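S.K.:
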Amino acid sequence: MQQIKSTMNQISDEAILEGIKLRSQFIVSHLYEELFPFLSKFVQANSGTEEDAEDIFQEALIVVYQKLSSLDFELTSSFKSFFFGVSRMLWLRKITSSDIDDEMVDLDEVFTASALAHESDIAQELKLDTDVMMMGLYQKYFLKLNEECQQVLRLSMRKVSQKEIAEELGITVNYVKTRKFMCKKQLIENIKNDPQYKNYFEYEK
Amino acid sequence: MIRNTKTTSNMKNDYKQRLIDNYFEKCLTGKEQKDFDKLMATDSEFQEYVSFEESIRKAIEQDDIIDFRRKISNTISSKHRQGLFKKITHSYWKYAATVVLFVGVGVSAMFFINNHNSNDKLFERTFNSSKIHISRAPISSASSVTIVEAMLNYHEGNYYNAAGYFEELLEKDADNIAVRFYLGISYMETEDFDKAADAFRYIISDQDNLYIEHAEWYLSLCFLKEEGIDKAINQLTIISQNEDNYYKEKAGKLLTKINKDF
Numbered sequence: 299m300q301q302i303k304s305t306m307n308q309i310s311d312e313a314i315l316e317g318i319k320l321r322s323q324f325i326v327s328h329l330y331e332e333l334f335p336f337l338s339k340f341v342q343a344n345s346g347t348e349e350d351a352e353d354i355f356q357e358a359l360i361v362v363y364q365k366l367s368s369l370d371f372e373l374t375s376s377f378k379s380f381f382f383g384v385s386r387m388l389w390l391r392k393i394t395s396s397d398i399d400d401e402m403v404d405l406d407e408v409f410t411a412s413a414l415a416h417e418s419d420i421a422q423e424l425k426l427d428t429d430v431m432m433m434g435l436y437q438k439y440f441l442k443l444n445e446e447c448q449q450v451l452r453l454s455m456r457k458v459s460q461k462e463i464a465e466e467l468g469i470t471v472n473y474v475k476t477r478k479f480m481c482k483k484q485l486i487e488n489i490k491n492d493p494q495y496k497n498y499f500e501y502e503k
Numbered sequence: 084m085i086r087n088t089k090t091t092s093n094m095k096n097d098y099k100q101r102l103i104d105n106y107f108e109k110c111l112t113g114k115e116q117k118d119f120d121k122l123m124a125t126d127s128e129f130q131e132y133v134s135f136e137e138s139i140r141k142a143i144e145q146d147d148i149i150d151f152r153r154k155i156s157n158t159i160s161s162k163h164r165q166g167l168f169k170k171i172t173h174s175y176w177k178y179a180a181t182v183v184l185f186v187g188v189g190v191s192a193m194f195f196i197n198n199h200n201s202n203d204k205l206f207e208r209t210f211n212s213s214k215i216h217i218s219r220a221p222i223s224s225a226s227s228v229t230i231v232e233a234m235l236n237y238h239e240g241n242y243y244n245a246a247g248y249f250e251e252l253l254e255k256d257a258d259n260i261a262v263r264f265y266l267g268i269s270y271m272e273t274e275d276f277d278k279a280a281d282a283f284r285y286i287i288s289d290q291d292n293l294y295i296e297h298a299e300w301y302l303s304l305c306f307l308k309e310e311g312i313d314k315a316i317n318q319l320t321i322i323s324q325n326e327d328n329y330y331k332e333k334a335g336k337l338l339t340k341i342n343k344d345f
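Structure representation (structure tokens):
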């Protein structure tokens, strides 16, 4: 019996956007396979690490997801071009606000052309989204808290009473109070210790 | 003295933190409200802190984005485990091989341990749809949102939704054997074995497609689960007696196991 090709490489831009809207892990996985190697090479050629590239990959997907929520969003290029353009701008912003001032290296024609072709539009888009960058930082550290901390903070901020939180998590009200205080403190400290926290503010000034 | 100063400072900070908490939770007392307003009017650091905390609260309230971030992080972690650039596309044969429990480890000791397995246990040990990815596009055009939604749901394990989409697709294209195969697997996952068996019978009766051997195998598993051991034995015997059938060996081994246990 003949070998059968995968559908993976045949996913249309429309389907990718639909998948992102649905927050599909399948589509994230596909995009990681298809795009991350290029992005990682680009970031690492520009003073970054693979971990930086992963952060940019995540932030770029979130930017696309949020753009898809706005009614006036229209993809005017291929998804790949748009994604690389967003990624490039995010990385540019990150290194502009840090000590690195080397000239940016683009890796290949595809990345350069796709990024530059839409740079001004994307820059305009991202300029409006500094809040998104900060939100990203806050969310990143929120997700690094343990599950119990996340639960306590999430429920507290939804104005669920401490008694109800205690019942939901099977702990005492006093423990909820202590956990809430400690978890929030830890979250705030972690955010403030991130070098990007100050950088973002300085970039805005 | 230094300790006392620090303690006083900490108490002040704790009080400020309580004010902020109570402000956001809308439960400031009269005195706290006054203190809060005064601090907001005179203490720029306090103002900044309130604003900062407001942003954090907004960030945490974005459930959809937090969910998406978690999925992206999970995907990245998972890719690390798999090897960063390893392709997840697999050939038909590779998947077909992994579908069966015995491949790679020979006859699984676990499967052949000398105890009394029920049909259910045999089924559960043999059927694992997460490993079924016969990677032929069951589609004529990859741009169809319905098809993509069907496959997205299938790959994410949302088999009930996937079955709905596959049914919808078959209404428009009843002869699409690949869609029918995925529908059969989705039915199995949702434990609708009668419908799954019907889907596989349809594929077998078509007699001219790439899915017949798989349909025969999964039909035998449906029988094992739902329609009784005799039907399962008959179906497995048919498979095991066909020299060209990919599942011949597996069917033979499963028959041996059934004969031992029942």
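Protein sequence lines, in the order shown, are assigned to chains A and B.
Note that our numbering has the first sequence beginning at 299, numbered continuously upward.
Note that our numbering has the second sequence beginning at 84, numbered continuously upward.
Quick reminder that beta carbons are idealized off the backbone N, C-alpha and C, glycines included.
Note that this is a predicted model, so its numbers are computed, not measured.
Tell me whether GLN356(A) sits in a helix, a strand or coil according to DSSP, three-state version.
M.R.: Taking the first sequence and counting its residues from 1, the one referred to as residue 356(A) is at position 58. Correct three-state label for GLN356(A): helix.
S.K.: Distance, Cα to Cα, ALA351(A) vs PHE151(B)?
M.R.: Reading the first sequence from its first residue, position 53 is the one you call residue 351(A). Reading the second sequence from its first residue, position 68 is the one you call residue 151(B). One alpha carbon belongs to ALA351(A), the other to PHE151(B), and they sit about 17 Å apart.
S.K.: On a CA-only basis, which of GLN356(A), VAL341(A), TYR330(A), LEU366(A) is nearest LEU390(A)? Give me that one, please.
M.R.: Stepping through the first sequence from its first residue, residue 390(A) is reached at position 92. With distances taken between Cα atoms, LEU390(A) lies closest to VAL341(A).
S.K.: Report yes if the CB atom of ILE139(B) is closer than 8 Å to the CB atom of TYR436(A), and no otherwise.
M.R.: Counted from its first residue, the second sequence places residue 139(B) at position 56. Counted from its first residue, the first sequence places residue 436(A) at position 138. Yes, these two residues count as a Cβ contact at 8 Å.
S.K.: Kindly indicate which three-state DSSP category ALA225(B) falls into: helix, strand or coil?
M.R.: By 1-based counting over the second sequence, the position of residue 225(B) is 142. In this prediction, ALA225(B) scores a pLDDT of 37, lower than 50, which makes its location untrustworthy; the coordinate-derived value is nonetheless stated afterwards. Per DSSP, reduced to three states, the secondary structure at ALA225(B) is coil, with no helix or strand assignment.
S.K.: On the DSSP letters alone, give me the boundaries of the alpha helix (DSSP H) that ILE469(A) sits inside.
M.R.: The residue you call residue 469(A) lines up with position 171 of the first sequence. Looking at the DSSP string, ILE469(A) is not in any alpha helix (DSSP H), and its letter there is neither H nor E.
S.K.: Return yes when the Cβ of VAL326(A) is within less than 8 Å of the Cβ of ILE155(B), no when it is not.
M.R.: On the second sequence, residue 155(B) is found 72 positions in, with the first residue counted as 1. On the first sequence, residue 326(A) is found 28 positions in, with the first residue counted as 1. A contact, by the Cβ cut-off of 8 Å.
S.K.: Secondary structure at ASP275(B), three-state DSSP: helix, strand or coil?
M.R.: Sequence index remark: in the second sequence, residue 275(B) carries index 192 (1-based). The answer is coil: DSSP assigns ASP275(B) none of H, G, I, E or B.
S.K.: Confirm, please, whether the CB-CB distance from GLY267(B) to ALA282(B) is below 8 Å.
M.R.: Taking the second sequence and counting its residues from 1, one reaches residue 282(B) at position 199. Taking the second sequence and counting its residues from 1, one reaches residue 267(B) at position 184. Their beta carbons are under 8 Å apart, which means ALA282(B) touches GLY267(B) by this criterion.
S.K.: Which class does ARG321(A) belong to by DSSP, given the choice of helix, strand or coil?
M.R.: By 1-based counting over the first sequence, the position of residue 321(A) is 23. The answer is coil: DSSP assigns ARG321(A) none of H, G, I, E or B.
S.K.: Verify whether the separation of the beta carbon atoms of VAL450(A) and CYS481(A) is less than 8 Å.
M.R.: Your numbering for residue 450(A) matches position 152 in the first sequence. Your numbering for residue 481(A) matches position 183 in the first sequence. Yes, the pair counts as a contact, with Cβ atoms nearer than the cut-off.
S.K.: For ASP492(A), would you say it is in contact with chain B, using Cβ-to-Cβ distances shorter than 8 Å as the test?
M.R.: If you number the first sequence from 1, residue 492(A) lands on position 194. By this cut-off, ASP492(A) is not an interface position.
S.K.: Nearest by alpha-carbon distance to GLY383(A): which of PHE336(A), GLN460(A), ILE469(A) is it?
M.R.: Along the first sequence, one-based indexing puts residue 383(A) at 85. Of the listed residues, the one whose Cα sits closest to GLY383(A) is PHE336(A).
S.K.: Along chain A, which residues have their Cβ under 7 Å away from the Cβ of HIS238(B)?
M.R.: What you label residue 238(B) is simply residue 155 of the second sequence in a count that begins at 1. What HIS238(B) touches in chain A: PHE324.
S.K.: Count the other CB atoms within 10 Å of the CB of LEU122(B); is the residue buried (16 or more) or exposed (fewer)?
M.R.: Taking the first residue of the second sequence as 1, we reach residue 122(B) at position 39. Buried.
S.K.: For the stretch 283-307 of chain B, which residues have a beta carbon sitting closer than 9 Å to at least one beta carbon of chain A?
M.R.: LEU293, GLU296
S.K.: Could you tell me whether the Cβ of GLN437(A) comes closer than 8 Å to any Cβ of chain B?
M.R.: For the purposes of this step, residue 437(A) is taken as residue 139 along the first sequence, with counting starting at 1. Judged by the 8 Å Cβ criterion, GLN437(A) is in contact with chain B.
S.K.: What do you get for ALA313(A), buried or exposed, if any count of 16 or more other CB atoms within 10 angstroms of its CB means buried?
M.R.: To locate residue 313(A), count along the first sequence from 1; it is residue 15. By the 10 Å Cβ count, ALA313(A) comes out buried.
S.K.: Determine the burial state of LYS114(B): buried for a count of at least 16 other Cβ atoms within 10 Å of its Cβ, exposed for fewer.
M.R.: Residue 114(B) sits at position 31 when you count from the first residue of the second sequence. Classification for LYS114(B): exposed.
S.K.: Return the residue from the list SER345(A), LEU333(A), ASP370(A) that minimises the CA-CA distance to LEU359(A).
M.R.: On the first sequence, residue 359(A) is found 61 positions in, with the first residue counted as 1. Measuring from the Cα of LEU359(A), the nearest candidate turns out to be LEU333(A).
S.K.: Does the CB of ALA124(B) have a neighbour CB from chain A at under 8 Å?
M.R.: The count along the second sequence starts at 1 and reaches residue 124(B) at position 41. For ALA124(B), the answer is no, since every Cβ of chain A falls outside 8 Å of its Cβ.
S.K.: Could you work out which residues of chain B lie near GLY317(A), taking near to mean beta carbons separated by less than 8 Å?
M.R.: Stepping through the first sequence from its first residue, residue 317(A) is reached at position 19. Those are VAL231, LEU235, listed as they occur along chain B.
S.K.: When the cut-off is 8 Å and only beta carbons count, does LEU441(A) lie next to chain B?
M.R.: Taking the first sequence and counting its residues from 1, the one referred to as residue 441(A) is at position 143. Chain B, which has a Cβ nearer than 8 Å to the Cβ of LEU441(A), makes this yes.
S.K.: Give the DSSP-derived three-state secondary structure of THR158(B) in the structure shown.
M.R.: Translated into positions along the second sequence, residue 158(B) becomes position 75. Reduced to three states, the DSSP call for THR158(B) is helix.
S.K.: Measuring alpha carbon to alpha carbon, tell me which of LYS141(B), THR158(B), ILE103(B) ends up nearest TYR132(B).
M.R.: Indexing the second sequence from 1 puts residue 132(B) at position 49. Each of LYS141(B), THR158(B), ILE103(B) was checked against the Cα of TYR132(B), and the nearest Cα belongs to ILE103(B).
S.K.: Nearest by alpha-carbon distance to GLY317(A): which of LEU235(B), ILE295(B), ASP118(B) is it?
M.R.: Taking the first residue of the first sequence as position 1, residue 317(A) is located at position 19. Here the closest residue by C-alpha is LEU235(B).
S.K.: Can you pull the chain B residues whose beta carbon is under 7 Å from the beta carbon of MET432(A), in chain order?
M.R.: Here the question's residue 432(A) lines up with position 134 in the first sequence. The answer, in chain order, is SER138.
S.K.: Which stretch, first to last residue, makes up the alpha helix (DSSP H) that contains VAL450(A)?
M.R.: As a position in the first sequence, residue 450(A) is number 152, starting the count at 1. Note, VAL450(A): alpha helix (DSSP H), 445-455.
S.K.: Mind checking GLY468(A): buried by the 16 CB within 10 Å criterion, or exposed?
M.R.: As a position in the first sequence, residue 468(A) is number 170, starting the count at 1. The residue is exposed, with fewer than 16 neighbouring Cβ atoms inside 10 Å.
S.K.: Please check the pair PHE440(A) and ALA142(B), which I expect to be a contact at CB under 8 Å, by giving their CB distance rounded to whole angstroms.
M.R.: Taking the first residue of the first sequence as position 1, residue 440(A) is located at position 142. Taking the first residue of the second sequence as position 1, residue 142(B) is located at position 59. 7 Å between Cβ atoms; contact.
S.K.: Hey, quick one: how far does the alpha helix (DSSP H) through VAL458(A) stretch, first residue to last?
M.R.: The count along the first sequence starts at 1 and reaches residue 458(A) at position 160. DSSP places VAL458(A) in no alpha helix (DSSP H); its state is neither H nor E.
S.K.: My assumption, with CB atoms under 8 Å, is that GLN323(A) sits in contact with GLU239(B). Please give the rounded CB distance.
M.R.: As a working note, residue 323(A) is residue 25 in the first sequence. As a working note, residue 239(B) is residue 156 in the second sequence. Right, their Cβ atoms sit about 6 Å apart.
S.K.: Between SER303(B) and the rest of its own chain, which residues show a CB-CB distance below 6 Å, the 5 nearest in sequence each way excluded?
M.R.: Numbered from its first residue, the second sequence carries residue 303(B) at position 220. Result list for SER303(B): ALA315, GLN318, LEU319, in chain order.
S.K.: Select from the stretch 142-160 of chain B all residues with a C-beta closer than 9 Å to any C-beta belonging to chain A, and list them in chain order.
M.R.: The residues in question are ALA142, ILE143, GLU144, GLN145, ASP146, ASP147, ILE148, ILE149, ASP150, PHE151, ARG152, ARG153, LYS154, ILE155, SER156, ASN157, THR158, ILE159.
S.K.: Nearest CA to the CA of LYS442(A): which residue from ILE149(B), TYR98(B), GLN324(B)?
M.R.: Residue 442(A) sits at position 144 when you count from the first residue of the first sequence. The candidate whose alpha carbon is nearest that of LYS442(A) is ILE149(B).
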